[in-house]
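Below you'll find the structure, written out as structure tokens, and then a few comments.
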Amino acid sequence: MAIHVALSHSTRYRYDRPVSLSPHTVRLRPAPHCRTPVLSYSLKVEPADQFLNWQQDPYSNYLARLVFTKPAEALKFTVELVAEMISINPFDFFIESYAEKFPFWYVPTL
């Protein structure tokens, strides 16, 4: 039986005057290859006067690239997601024969 878990994360920065915000790269999204299924995900950014483009790095991780159009007195990121917590065998991997006993040495080709 799986359990659904709702997570919420918020980060807020406040400034004493309007400031120009440089472009930001936000890495607050689970990797698509993670073993825990993510059923829903949302990213909310304030101020709303911004352009948001989703990109992927060479490792398939999602990046939110943000460019802000106006000065702001605050910057807030809110992430909400629902994940399905399932039982995962942590020993579900293969070991090369040369590494079955410790200490081990890598084969010369590695």
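Residue numbers for the sequence shown follow this note's numbering, so the first one is 587 and each next one is one higher. Note that CB positions come from ideal geometry on N, CA and C, so glycine has one too. Model, not experiment: these values are computed from the prediction.
- When the alpha-carbon of Ser683 is set against those of Tyr648, Ala650 and Trp691, the nearest one is in Trp691.
- Take Lys630, set aside five residues on each side of it, and the residues of its chain with a beta-carbon closer than 6 Å to its own are Thr664, in chain order.
- Residue state for Ser673 is assigned as coil, using DSSP reduced to three classes.
- Taking 7 Å as the cut-off, the Cβ atoms of Ile672 and Ala588 count as close.
- For His610, the enclosing beta strand (DSSP E) stretches over residues His610 to Val612.
- Tyr645 is positioned such that its CB atom lies no closer than 7 Å to that of Arg615.
- About 5 Å separates the Cβ atoms of Val653 and Pro609, confirming a contact at the 8 Å cut-off.
- Cβ neighbours of Thr597 within its own chain (closer than 6 Å, five residues either side excluded): Phe663.
- Nearest C-alpha to Gln641 among Leu696, Ala685, Thr611 and Val668: Thr611.
- At a Cβ-Cβ threshold of 7 Å, Pro657 and Ser606 count as neighbours.
- The beta carbon of Leu593 sits closer than 6 Å to the beta carbons of Leu667 from its chain, once the five residues preceding and following it are set aside; these are given in chain order.
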